[in-house]
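For reference, the structure is listed below as structure tokens.
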Amino acid sequence: MCGIAGLIHRGNTSKVGFELQGMLQALKHRGEDSTGYALYGKTDGQNFIMRFKVGENVGEGSTSVMEDVSVYDERKKIVDGYLKDLGATIVKEERTLPYSLRYEIQYDKDLMEFSQKIESVPGVEILSMGKSLEVIKDLGNAEAVCKRYSLDKVEGTHAIGHARMATESGVDIKSAHPFWGYPFSDVSVVHNGQLTNYWNNRRVLENKGMRFMSECDSELIAVYLAEKMRNGATLEEGMKESLMGLDGVFTYFVATKDSLGMAKDTMAAKPLVLYESDDLVAMGSEEIAIRSILPQEIDTYDPFDGMVKVWQI
Amino acid sequence: MANLKTGEKKTKAQSMGLHTEVLTGKTQQKFFNPDEAENFYYFGTYDVDFNKRTEIDVKDMECREANKKIDDLMKEGYGTIVIKNPQGKHSLGVGILNKLNLIFEGSLGYFGVGSMDGPIVRINGRVGWSCAENMMAGKVVIEKNAGSCFGAAIRGGDLICKGSVGARTGIDQKGGTIIIGGDAGAFTGFMMQRGRIIILGDVGINLGDSMYDGTIFVGGKIGSFGSDAVEAELTDSDQDWLKRKLKVAEIGENFDVSKMTKVVAGKKLWNYDALEPTEKKGAI
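Heads up: the protein sequence lines correspond to chains A and B, in order.
Those letters in the first sequence? Residues 1 to 313, per the numbering used here, in order.
Those letters in the second sequence? Residues 1001 to 1284, per the numbering used here, in order.
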């Protein structure tokens, strides 16, 4: 089933980590296998923030293979070496969990080459790369993941998130949403639905040099949009094209450094409730997600079939 | 379960050779025999007084707890119940089977007031997916917008949304009337079988797709017709009925119904075999 939620503060910042946690927790009945956050925080915009994993969460419910923790250190060591080779400087390093790391790095060259090099290390995946974006995803419900990574204090302008009920792929971090719009800085995607032309599209995009890290159909949206943007389309143009290019049922959100967008398939088969005001846009699979941050009586609506909307901060 | 036996008295359908057996045992017909009214008990119904009014705040209640509270209040004879702070909770006010004035001060989530039979409901907010699903009788008025599958499979009563509704409004509708003050999404009237839908605004693509029967009236633009949905002539009696219905529904009272588009089933998809058309038609 899965639940998605997103919000954008227009013209100000707020504790988006805390707010998104409340929205996703309200949707926990739609799936608790994993929860993911894409938070667009307040940064100086100078350095890249790279969130990456060197292994999987092999805790209760995971479908991943148990590994010796020592391999995480070995992989980290190789990544550090590759960063040096690429000319990147690590400004700050945090290791929240043995398998999950956050680097602030100085780097000014091509991100595709960068990502390909880092992800050539087996078991390593870049969860996000951006000057504002941080993707945090792990097994468990919104509250558990928020607590594990101390996300409630994160301040920013906008955020999207996903509560996942695993269906077509495993219960692991690599299949969890949000997906980074590789190789674009600060692009992330969450999706509720099912894409039926996943493999056809994947083969085409892989032949064009795009990369897939999981077998989760939702990853296709991030890669599809990234490929459109690489060829010069704007985000909104790419999203509009996706209504015909992607087959199946879907509602998805995509966020960039300064915008948040939503798209709904032409069958309108997946739910979405939307609240819009001059200073805040909040949306989720169910109204209760919005109510978690706006308990007062508000005007909300269901976007129609084939609708694409983009808001700026 | 009812038994079957050969009957001597023939109905019209039997005389046409469609079936020769009749039901015996505790059939609906016997159940509702007016001569036995004193002994009749309809499970889940209570004698309520509309002038007896109360309020409950469901802010901190789960839906099961809130519904139980409504049931308890009806048992105590309350005929007017105001629900405060529903805050988008799912499945509130479902399965109410007797007369009741039910007022929600706020918005409902999914499956609000589903499977009800009789109450008059006013919702001063928005409703989520599948509002009033399987409604048998009564009236529901929503002041704001509604989600998809609005009035799915309703069999009777009036379901009114003053705002706009999502996709698949009146899917599998089997009776009753759905009235929309604003716009409606794609696949409105999808596979509807009976009843009427009135949309004062625009409607999305595939209107009335695969509808078996029933009638849809549209005041605005139509995205596209669905499979086997066709335009029909809007008669004077249609217009009279529309005016009456909109007046009773407190919506679009001054709307020019003469410009509405009437949509019905083309019945080209009907594929009933020759032996049982009456039975099949009776079923819908």
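Beta carbons: idealized from backbone N, C-alpha and C, even for Gly.
Among the CB atoms of chain A, none fall inside 8 Å of the CB of B:Gly1220. Between B:Ile1180 and B:Ile1198, the C-beta gap is smaller than 8 Å, which places the two residues in contact. Identification of residues in the stretch 1075-1088 of chain B having a C-beta nearer than 9 Å to some C-beta of chain A yields Asn1085, Gln1087 and Gly1088, given in sequence order.
Residue environment analysis places B:Lys1075 among the exposed positions, since fewer than 16 neighbouring C-beta atoms fall within 10 angstroms of its C-beta.
In the DSSP annotation of this structure, the continuous segment of the alpha helix (DSSP H) that includes A:Gln116 starts and ends at Leu111 to Ile118. DSSP, reduced to helix, strand and coil, places A:Asn201 within a helical segment of the structure shown. Taken in chain order, no unbroken stretch of alpha helix (DSSP H) lies wholly in the stretch 250-280 of chain A with a span of 4 residues or more. For A:Met66, there is no enclosing beta strand (DSSP E), as DSSP marks it with neither H nor E. Not one beta carbon of chain B lies nearer than 8 Å to the beta carbon of A:Thr43. Residues of the stretch 277-311 of chain A with a C-beta less than 7 Å from any C-beta of chain B: Glu286, Glu287, Ile288, Arg291, Pro295, Glu297, Asp299, Thr300, Tyr301, Asp302, Phe304 and Asp305, listed in chain order. Counting the other CB atoms within 10 Å of its CB gives B:Phe1050 a total below 16, which places it among the exposed residues. By the rule that beta-carbons nearer than 8 Å mark a contact, B:Lys1144 touches chain A. Chain B has a Cβ within less than 8 Å of the Cβ of A:Ala268. Around the beta carbon of A:Glu134, a 10 Å sphere encloses 16 or more other beta carbons of the protein chains shown; the residue is thus reported as buried. Per DSSP, the unbroken alpha helix (DSSP H) holding B:Gln1239 starts and ends at Asp1236 to Val1248.
Residue state for A:Cys216 is assigned as coil, using DSSP reduced to three classes. Within the stretch 1206-1240 of chain B, not one residue has a Cβ closer than 8 Å to any Cβ of chain A. Between A:Val54 and A:Ala176, the alpha-carbon positions lie close to 15 Å from each other.
At least one C-beta of chain A is nearer than 8 Å to the C-beta of B:Ser1107. Runs of beta strand (DSSP E) with 3 or more residues, each lying fully within the stretch 1101-1153 of chain B, are found at 1101-1105, 1117-1123 and 1137-1142, listed in chain order.
Bounds of the alpha helix (DSSP H) holding A:Arg291 are Glu287 to Arg291. Closest in alpha carbon position to A:Gly181, among A:Ile160, A:Asp152 and A:Ile221, is A:Ile221. Secondary-structure assignment with DSSP links B:Trp1270 through no beta bridge to anything.
Within the stretch 10-43 of chain A, the complete alpha helix (DSSP H) runs of at least 4 residues fall at 16-26. Its chain contains Leu1207 as the residues whose beta carbon lies nearer than 6 Å to that of B:Phe1225, once the 5 sequence neighbours on both sides are disregarded; these appear in chain order. Under DSSP, B:Asp1049 takes part in a beta bridge, and its partners are B:Tyr1078.
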